[in-house]
Amino acid sequence: MIGTPVLQKIRFLSLPEAPTQTTGLSLKLKEQECLSLMKRCKNMEEFKQVHAQVLKWENSFCASNLVATCALSDWGSMDYACSIFRQIDQPGTFEFNTMIRGYVNVMNMENALFLYYEMLERGVESDNFTYPALFKACASLRSLEEGMQIHGYILKRGLEGDLFVQNSLINMYGKCGKIELSCSVFEQMSRRDVASWSAIIAAHASLGMWSECLSVFGEMRREGSCRPEESILVSVLSACTHLGALDLGRCTHVTLLRNIREMNVIVQTSLIDMYVKCGCIEKGLSLFQRMARKNQLSYSVMITGLAMHGRGMEALQVFSDMLEEGLKPDDAVFLGVLSACNHGGLVDEGLQCFNRMKLEHGIEPTIQHYGCMVHLMGRAGMVNEALELIRSMPIKPNEVVWRGLLSACKFHHNLEIGEIAAKSLGELNSSNPGDYVVLSNMYARAKRWENVAKIRTEMARKGFTQTPGFSLVEVERKIYKFVSQDMSHPQCKGVYEMIHQMEWQLKFEGYSPDTSQVLFDVDEEEKRQRLKAHSQKLAMAFALIHTSQGAPIRIARNLRMCNDCHTYTKLISVIYQREITVRDRNRFHHFKDGTCSCRDYW
DNA sequence: CTAGGGTTAG
Numbered sequence: 003m004i005g006t007p008v009l010q011k012i013r014f015l016s017l018p019e020a021p022t023q024t025t026g027l028s029l030k031l032k033e034q035e036c037l038s039l040m041k042r043c044k045n046m047e048e049f050k051q052v053h054a055q056v057l058k059w060e061n062s063f064c065a066s067n068l069v070a071t072c073a074l075s076d077w078g079s080m081d082y083a084c085s086i087f088r089q090i091d092q093p094g095t096f097e098f099n100t101m102i103r104g105y106v107n108v109m110n111m112e113n114a115l116f117l118y119y120e121m122l123e124r125g126v127e128s129d130n131f132t133y134p135a136l137f138k139a140c141a142s143l144r145s146l147e148e149g150m151q152i153h154g155y156i157l158k159r160g161l162e163g164d165l166f167v168q169n170s171l172i173n174m175y176g177k178c179g180k181i182e183l184s185c186s187v188f189e190q191m192s193r194r195d196v197a198s199w200s201a202i203i204a205a206h207a208s209l210g211m212w213s214e215c216l217s218v219f220g221e222m223r224r225e226g227s228c229r230p231e232e233s234i235l236v237s238v239l240s241a242c243t244h245l246g247a248l249d250l251g252r253c254t255h256v257t258l259l260r261n262i263r264e265m266n267v268i269v270q271t272s273l274i275d276m277y278v279k280c281g282c283i284e285k286g287l288s289l290f291q292r293m294a295r296k297n298q299l300s301y302s303v304m305i306t307g308l309a310m311h312g313r314g315m316e317a318l319q320v321f322s323d324m325l326e327e328g329l330k331p332d333d334a335v336f337l338g339v340l341s342a343c344n345h346g347g348l349v350d351e352g353l354q355c356f357n358r359m360k361l362e363h364g365i366e367p368t369i370q371h372y373g374c375m376v377h378l379m380g381r382a383g384m385v386n387e388a389l390e391l392i393r394s395m396p397i398k399p400n401e402v403v404w405r406g407l408l409s410a411c412k413f414h415h416n417l418e419i420g421e422i423a424a425k426s427l428g429e430l431n432s433s434n435p436g437d438y439v440v441l442s443n444m445y446a447r448a449k450r451w452e453n454v455a456k457i458r459t460e461m462a463r464k465g466f467t468q469t470p471g472f473s474l475v476e477v478e479r480k481i482y483k484f485v486s487q488d489m490s491h492p493q494c495k496g497v498y499e500m501i502h503q504m505e506w507q508l509k510f511e512g513y514s515p516d517t518s519q520v521l522f523d524v525d526e527e528e529k530r531q532r533l534k535a536h537s538q539k540l541a542m543a544f545a546l547i548h549t550s551q552g553a554p555i556r557i558a559r560n561l562r563m564c565n566d567c568h569t570y571t572k573l574i575s576v577i578y579q580r581e582i583t584v585r586d587r588n589r590f591h592h593f594k595d596g597t598c599s600c601r602d603y604w
């Protein structure tokens, strides 16, 4: 350290005389020297030496800046900063502010709040510089009560008009899940900058309010005063992904190309995810292959994406590329790999990966991995083995696991194990009516009518609630939502007329409704009526009416596809000569010329 | 006198 420019400077600066003996002007100069000296420190070593020199010259300005430098530099130390801070007789607003910010920067939120309360107790006035950091602390602690109390105090002090304070409030309320409060702060602002938009858009996105996220973004674009930044566009892409809004996603891609010189890994990864989850697996793949630097998450997204499209072998290839590149797979990556094997029917590969995950990578399987394996094995006919796996699990099997087994039993007509699965679901107080229907249908197939009757009475007794099914479809960059059995949609009349027409055509192709999965205990005719109004069919009818001939149709839905919708859609793709892509809860189905990419294995 | 807010992927 000796002989570095900083130390030479210190010798020059050493002042034997007291500050009172210097003139005001030269005092200012010395202070500035002192400040720039501190700012040039690059580690604690250098800082301590500056500290030692400045100490001789007792000056509160210098002391304050010592605290600030030590607390806020990335090489600094909060302990050391605190020890200087505690030597100051009457620390003021600035000293407290910097200490609070320092604690927030190192994520010591409790200490930040403690200092704030000490500040209040000692009667030191807080100002608009105090609060952004404090709200960040509240946000990080998810401490709504604290945050609201401080917000109230700010109103009393009249500091609520500060832009920085407002932006940090938006974030704080968002993190605490109080989006209405974020919005109310946002709406009351007289001036907004890009950070305000960023905060409000990210808040909506992080709470899964995707449509709202997009409409706020639209508002920002219409208002036109802020450039769309990377981080904002990533939130927007995420919303497009979840809504299946491909056209909007494409526009966002164009916006990115126009506004950002070089896209970082996060932006690229979210773009890939958007394309893949909106059905454009090829586009996703080509972007992925052209990525200069990939990380664990990029691979994770690509593997999961290929899995969703039933392209198991390719997913395994990407996975092995990942290992070759020396990147560590985590549990999510393995979930992607296992799900790729699941949707691709790659049983041996799946079993092998499952074992290697534990043995070679030391990753303990979560309930989701088990769920995937049970489905994989059960679907492939290894129903007994799947049950074995469940029994050997170190964690308590959940509904998803048992339901996976039950559906395998339905498929392979294994009533004995099916009963075990159904019984376990009952013990977990499953409120899913589908479980009862599956078992009931299995009993019916075995002609065990007394069991069928028993299930019906039990269903009636429990009075089940069913998740309403819905489908989203994008037409001219707008997302339309159709709920099963919905008659209230503005386009309702046209849609049902179209459904009628479609059915006519389908009958010619030999279609007959498959009512076996209708969950209501009603007569055949009523079941057929319900089937007709499944949300996916409504969405398809709407898309057939409102898009040009031959244009592909993309639908995203919240539930798994029922058999009837699957058969129906295959036929529609032939009759109307349309490529139809449907994303359900777990995966994609690409319908074309009367066949589906899942090869009826899903 | 000095300093502050938002930020994103599965």
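For what it's worth, my numbering labels the leading residue of the first sequence as 3, then goes sequentially.
Where is the CB? At the ideal position from N, CA and C, for every residue including glycine.
If you're wondering where the values come from, they're calculated on a predicted model, not measured in any experiment.
Query raised in the report: Just how far apart, CA to CA, sit Leu68 and Gly364?
Result: Here the question's residue 68 lines up with position 66 in the first sequence. Here the question's residue 364 lines up with position 362 in the first sequence. Cα to Cα, the separation comes out at about 47 Å.
Query - Cβ shell of Arg13 (< 7 Å), same chain only, five flanking positions each side left out - result: Residue mapping note: residue 13 aligns to position 11 of the first sequence, counting from 1. Note that Arg13 has pLDDT 38, beneath the 50 cutoff, so the model's placement of it is unreliable and the number below is only indicative. Cβ neighbours of Arg13 beyond the five flanking positions: none.
Report task. May I ask you to report which of helix, strand or coil DSSP gives Thr583? Result -> Position 581 of the first sequence, counting from 1, holds the residue named residue 583. Correct three-state label for Thr583: strand.
Query raised in the report: Rounded C-beta distance between His311 and Phe593? I'm assuming under 8 Å.
Result: For this step, residue 311 is matched to residue 309 along the first sequence. For this step, residue 593 is matched to residue 591 along the first sequence. Not confirmed; about 13 Å, so no contact.
Query raised in the report: Cβ of Gln468 within 9 Å of Cβ of Pro515?
Result: Working through the first sequence from its first residue, we reach residue 468 at position 466. Working through the first sequence from its first residue, we reach residue 515 at position 513. Not closer than 9 Å, so no.
Query raised in the report: Does the beta-carbon of Lys425 have 16 or more other beta-carbons within 10 angstroms, so that it is buried, or is it exposed?
Result: Counting from one through the first sequence, the residue named residue 425 turns up at place 423. With fewer than 16 other Cβ atoms within 10 Å, it is exposed.
Report task. Along the beta strand (DSSP E) that carries Arg559, what are the first and last residues, could you check? Result -> Taking the first sequence and counting its residues from 1, the one referred to as residue 559 is at position 557. Run containing Arg559: 555-559, per the beta strand (DSSP E) assignment.
Query raised in the report: From what residue to what residue does the beta strand (DSSP E) around Glu480 run?
Result: Taking the first sequence and counting its residues from 1, the one referred to as residue 480 is at position 478. Reading off the sequence, residue 480 comes out as Lys, not Glu. 480-485 is the extent of the beta strand (DSSP E) around Lys480.
Query raised in the report: Are there 16 or more other CB atoms within 10 angstroms of the CB of Ala410, so buried, or fewer, so exposed?
Result: On the first sequence, position 408 is the one that residue 410 refers to. Buried, since its Cβ has 16 or more Cβ neighbours within 10 Å.
Query raised in the report: Arg42 to Glu225, Cα distance in whole Å?
Result: Start at 1 with the first residue of the first sequence, and residue 42 comes out as number 40. Start at 1 with the first residue of the first sequence, and residue 225 comes out as number 223. Cα to Cα, Arg42 sits roughly 42 Å from Glu225.
Report task. Would you decide whether Met315 is buried or exposed? Buried here means 16 or more other CB atoms lie within 10 Å of its CB. Result -> By 1-based counting over the first sequence, the position of residue 315 is 313. By the neighbour-count rule (16 or more Cβ atoms within 10 Å), Met315 is not buried but exposed.
**Report entry** C-alpha gap between Gln23 and Asn113, whole angstroms
**Finding:** Position 21 of the first sequence, counted from the first residue, corresponds to residue 23. Position 111 of the first sequence, counted from the first residue, corresponds to residue 113. Annotation note: pLDDT 47 at Gln23 (below 50); position unreliable, coordinate value reported separately. Distance between the alpha carbons of Gln23 and Asn113 is about 39 Å.
Query raised in the report: So the alpha helix (DSSP H) Glu418 belongs to, where does it begin and stop?
Result: Counting from 1 along the first sequence, the entry for residue 418 is found at position 416. Its alpha helix (DSSP H) spans residues 417-429.
Report task. Taking only runs that begin and end inside the stretch 195-256, name each unbroken alpha helix (DSSP H) of 4 or more residues, in chain order. Result -> 196-208, 212-225, 232-245
Query raised in the report: From what residue to what residue does the beta strand (DSSP E) around Ser473 run?
Result: As a first step, residue 473 is located in the first sequence; it is residue number 471 there, counting from the start. That run of the beta strand (DSSP E) goes 472-477.
Query - Buried versus exposed call for Pro331 [16 or more other C-beta atoms within 10 Å across all chains shown] - result: Sequence index remark: in the first sequence, residue 331 carries index 329 (1-based). Buried, because 16 or more other Cβ atoms sit within 10 Å of the Cβ of Pro331.
Query - Where the beta strand (DSSP E) containing Lys594 begins and where it ends - result: Your numbering for residue 594 matches position 592 in the first sequence. 590-594 is the span of the beta strand (DSSP E), which, as asked, contains Lys594.
Requested in this report: Compute the beta-carbon to beta-carbon distance between Glu511 and Leu573, rounded to the nearest angstrom, for a pair I have assumed lies under 8 Å.
Outcome: The residue labelled residue 511 in the question sits at position 509 within the first sequence. The residue labelled residue 573 in the question sits at position 571 within the first sequence. Yes, they are in contact, since the Cβ atoms of Glu511 and Leu573 sit about 5 Å apart, within 8 Å.
Requested in this report: Can you have a look at Asn261 and say buried or exposed, based on whether 16 or more other CB atoms are within 10 angstroms of its CB?
Outcome: One-based indexing of the first sequence puts residue 261 at position 259. Exposed, by the Cβ-count rule.
Query raised in the report: So which of Met101, Phe413, Gly420, Ser85 has the shortest CA-CA distance to Leu389?
Result: One-based indexing of the first sequence puts residue 389 at position 387. Measuring from the Cα of Leu389, the nearest candidate turns out to be Gly420.
Query - Pairwise C-alpha distance: Leu209 and Gly179 - result: Within the first sequence, the letter at position 177 stands for residue 179. Within the first sequence, the letter at position 207 stands for residue 209. Those two C-alpha atoms are separated by around 7 Å.
Query - With 16 other Cβ atoms within 10 Å as the buried cut-off, status of His345 - result: By one-based count along the first sequence, residue 345 stands at place 343. By the 10 Å Cβ count, His345 comes out buried.
Query - Touching by the beta-carbon criterion (3+ pairs, under 8 Å), the stretch 516-536 and the stretch 580-587 - result: no
Report task. Pick out whichever of Ala462, Pro399, Val439, Arg559 has its Cα sitting closest to the Cα of Phe472. Result -> Position 470 of the first sequence holds residue 472. When only C-alpha atoms are compared, the closest one is Arg559.
**Report entry** Lys529 versus Lys456 - alpha carbon distance
**Finding:** Taking the first residue of the first sequence as 1, we reach residue 529 at position 527. Taking the first residue of the first sequence as 1, we reach residue 456 at position 454. Going from the Cα of Lys529 to the Cα of Lys456 covers about 21 Å.
**Report entry** Sequence-distant residues of the same chain with beta carbon closer than 6 Å to Leu183, five excluded per side
**Finding:** What you label residue 183 is simply residue 181 of the first sequence in a count that begins at 1. Only Tyr175 meet the Cβ criterion.
Query raised in the report: For Asp323 versus Glu476, is the C-beta distance shorter than 9 Å?
Result: The residue given as residue 323 occupies position 321 in the first sequence. The residue given as residue 476 occupies position 474 in the first sequence. No, the pair does not count as a contact, with Cβ atoms beyond the cut-off.
Query - Pairwise C-alpha distance: Glu148 and Ser288 - result: Within the first sequence, numbered from 1, the residue matching residue 288 stands at position 286. Within the first sequence, numbered from 1, the residue matching residue 148 stands at position 146. Ser288 and Glu148: Cα-Cα distance of roughly 48 Å.
Query raised in the report: Do three or more CB pairs link the stretch 459-466 to the stretch 539-559 at distances below 8 Å?
Result: no
Query - Nearest candidate by alpha-carbon position, reference Ala205, set Gly251, Gln531, Ala241, Ser192 - result: For the purposes of this step, residue 205 is taken as residue 203 along the first sequence, with counting starting at 1. When each option's Cα is compared against that of Ala205, the closest is Ala241.
Query - Backbone CA spacing between Phe544 and Gln507 [nearest angstrom] - result: For the purposes of this step, residue 544 is taken as residue 542 along the first sequence, with counting starting at 1. For the purposes of this step, residue 507 is taken as residue 505 along the first sequence, with counting starting at 1. Straight-line Cα distance between these residues: approximately 16 Å.
Requested in this report: Starting from Thr597, follow its DSSP beta bridges and name the residues at the other end.
Outcome: Residue 597 sits at position 595 when you count from the first residue of the first sequence. Bridge partners of Thr597: Lys594.
Report task. Give me the Cα-Cα distance between Ile555 and Gln487, rounded to the nearest whole angstrom. Result -> As a working mapping, residue 555 is identified with position 553 in the first sequence. As a working mapping, residue 487 is identified with position 485 in the first sequence. Using only the alpha carbons, I get a separation of about 21 Å.
Query - DSSP three-state assignment for Asp76, whether helix, strand or coil - result: Numbered from its first residue, the first sequence carries residue 76 at position 74. In this structure, Asp76 counts as coil in the three-state DSSP scheme.
Query - Cutoff 6 Å; reference Leu258; Cβ partners in own chain excluding five residues on either side - result: Mapped onto the first sequence, residue 258 falls at position 256. Closer than 6 Å at Cβ, skipping near neighbours: Leu235.
Query raised in the report: Can you give the beta carbon distance from Tyr133 to Val167, rounded, assuming they're within the 8 Å contact cut?
Result: Numbered from its first residue, the first sequence carries residue 133 at position 131. Numbered from its first residue, the first sequence carries residue 167 at position 165. Right, the Cβ-Cβ distance comes to about 5 Å (below 8 Å), so this counts as a contact.
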